[in-house]
Amino acid sequence: MKYKDFLSSLNKNKIHFVSKSTTIKEDIDCKEPYYCVSSSGTESEKKHYLISLSKLEAGAKSLIKHYDFSSSDRWLQSISTNHIGGFSINARSYYASMKEPLFFKWKPEDLEDCLNSNDITIMSLVPTQVFDLVSFGIKAPKSIKYVFVGGAKLNNDLYDKAIKLGWPLKLCFGMTETGAQMAYSKDSQHYTPYSDWKVSVSKNSNLLVKGPSLYTHQYINGEWVENNSEWYESSDSIELSEKGFVFKGRTDFLIKEKGVFKDYESIRGKFIDVLLRNNLSKKDYELVALNDQRGAAFTAIISQNYDFELSKIFNEIDVKGIYFVDEIPRTELYKLNKEKLKGVLARQILFY
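Residue 1 is where the sequence shown starts when you use our numbering, and the numbers rise one by one after that.
Here is the structure:
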């Protein structure tokens with residue numbers, strides 16, 4: 001939906017869903033229009049939040065004033081508008097008086113023609129899409145001003161390779177709960193919050209954020225519960241720095257295997273490196289952290305490629321084994337669909 005059409009359809013006493021859900025109640029006293037945003041996880045893991053129209057506008061404008069956007073700019077929209085990452089592109093384009101964003105169903109082989117024939121100057125990508133740019137060797141057109149990359153941590157080697165291809169990557173950070181980007185990085189290590197956002201660290205060493213588009217309600221146990229806190233605590237472990245903050249990892253990404261804690265993100269970095277060095281497509285492989293029948297954690301590779309000899313290249317990664325599957329289930333943001341994966345792996349054998 002075009003953002004101006006979204007605005008014209010608003011009813012101040014209603015919750016507006018981009019993706020309809022019959023399981024969510026709409027009975028809430030709306031003092032202004034609310035937009036319902038959902039996390040990008042699987043359906044059973046999804047969390048649903050309300051962000052008011054005024055907060056959605058404030059979140060967009062907090063980003064706009066930080067960059068050199070103009071009326072001649074056009075955003076390539078390759079992220080679904082069912083998620084805040086995609087829908088906020090519409091909001092930014094509208095409030096910055098840009099051209100209407102162009103939706104592009106992600107096919108790296110068609111990207112160059114699309115960019116050159118539609119006057120695209122700005123892009124928003126997730127790391128999987130950056131991987132495609134590098135693995136296909138696609139060079140950036142001179143017209144591209146910014147390529148915002150968020151949604152997950154980008155591997156440093158992948159970042160360097162994309163920069164060499166001319167892509168002006170802007171690493172950014174935001175969450176469904178913040179309703180917008182709230183920080184950026186110039187060196188892939190230190191993140192600086194935008195001027196309208198504040199960060200702190202909790203007693204659990206997790207990131208605390210405060211800003212103009214923080215969610216107002218969360219859907220819990222069948223009811224909308226108002227958020228009465230000015231701060232939101234994420235599961236990202238951080239350290240504060242002069243420039244802002246440094247990610248130390250996610251507390252839910254530390255896994256204990258045979259009594260030893262392992263950083264899942266570190267293992268994932270090696271996994272991406274193996275794929276790049278061997279010219280393998282990321283859509284055919286995935287790294288997962290799982291639990292066995294006794295509840296013990298372990299990491300494994302999921303492969304759509306049934307080449308057993310090729311799978312030996314993963315021996316250098318600290319994983320327990322490989323599952324071979326017909327298709328790796330993914331979400332609209334190209335992330336692994338963990339809920340569907342459980343059903344797939346229940347019928348598979350782990351090869352050691």
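By construction, the Cβ of each residue, glycine as well, lies at the ideal position given by its N, Cα and C atoms.
Q: Determine the direct distance from the alpha carbon of Leu-111 to that of Thr-331, and round the result to whole angstroms.
A: Numbered from 1 along the sequence shown, position 331 holds the residue referred to as residue 331. Numbered from 1 along the sequence shown, position 111 holds the residue referred to as residue 111. Answer to the nearest angstrom: the Cα atoms are 21 angstroms apart.
Q) Can Leu-133 and Pro-108 be called in contact, C-beta distance under 8 angstroms? A) Here residue 133 refers to the residue found at position 133 of the sequence shown. Here residue 108 refers to the residue found at position 108 of the sequence shown. The answer is yes: Cβ separation under 8 angstroms.
Q. According to DSSP, is Asp-5 helix, strand or coil?
A. As a first step, residue 5 is located in the sequence shown; it is residue number 5 there, counting from the start. In this structure, Asp-5 counts as helix in the three-state DSSP scheme.
**Q.** Three-state secondary structure (DSSP) of Tyr-95
**A.** Translated into the one-based positions of the sequence shown, residue 95 becomes position 95. Three-state DSSP puts Tyr-95 in a helix.
Q: Decide if Gln-129 is buried, meaning its Cβ has at least 16 other Cβ atoms within 10 Å, or exposed.
A: Sequence index remark: in the sequence shown, residue 129 carries index 129 (1-based). Looking at its Cβ environment, which holds 16 or more other Cβ atoms inside 10 Å, Gln-129 is buried.
Q) What residue range is occupied by the uninterrupted alpha helix (DSSP H) comprising Tyr-159? A) As a first step, residue 159 must be located in the sequence shown, where it is residue number 159. Taken as a continuous stretch (DSSP letters only), the alpha helix (DSSP H) holding Tyr-159 covers 156-164.
**Q.** Alpha carbon of Val-201 to alpha carbon of Val-209, nearest angstrom
**A.** Locating residue 201 in the sequence shown gives position 201, counting from the first residue. Locating residue 209 in the sequence shown gives position 209, counting from the first residue. Looking at the two C-alpha atoms, the distance is approximately 9 angstroms.
Q.
Quick test of the definition: if touching needs 3 or more C-beta pairs under 8 angstroms, does the stretch 210-220 touch the stretch 171-190?
A. yes
**Q.** Simplified DSSP state of Asn-305, which is helix, strand or coil
**A.** Here residue 305 refers to the residue found at position 305 of the sequence shown. Note: Asn-305 maps to coil in three-state DSSP.
Q: Write down the C-beta distance between Ile-122 and Trp-75 rounded to the nearest angstrom, noting that I regard them as a contact closer than 8 angstroms.
A: Translated into the one-based positions of the sequence shown, residue 122 becomes position 122. Translated into the one-based positions of the sequence shown, residue 75 becomes position 75. At roughly 5 angstroms, the Cβ-Cβ gap stays under 8 angstroms, so Ile-122 and Trp-75 are in contact.
Q: Tell me where the beta strand (DSSP E) around Asn-206 begins and ends.
A: Residue mapping note: residue 206 aligns to position 206 of the sequence shown, counting from 1. From DSSP, the beta strand (DSSP E) with Asn-206 extends over 206-210.
Q. How many whole angstroms separate the CB atoms of Gln-77 and Leu-115, which I take to be in contact at a CB cut-off of 8 angstroms?
A. Taking the sequence shown and counting its residues from 1, the one referred to as residue 77 is at position 77. Taking the sequence shown and counting its residues from 1, the one referred to as residue 115 is at position 115. Actually they do not touch by this definition, with Cβ atoms about 13 angstroms apart.
Q. According to DSSP, which residues form a beta bridge with Gln-181?
A. One-based indexing of the sequence shown puts residue 181 at position 181. DSSP, once it has assigned bridges, lists Gly-174 as partnering Gln-181.
**Q.** Residues bridged to Gln-129 [DSSP beta-bridge criterion]
**A.** Sequence index remark: in the sequence shown, residue 129 carries index 129 (1-based). According to DSSP, Gln-129 bridges with nothing at all.
Q) Which of helix, strand or coil does DSSP assign to Ser-195? A) The count along the sequence shown starts at 1 and reaches residue 195 at position 195. Coil.
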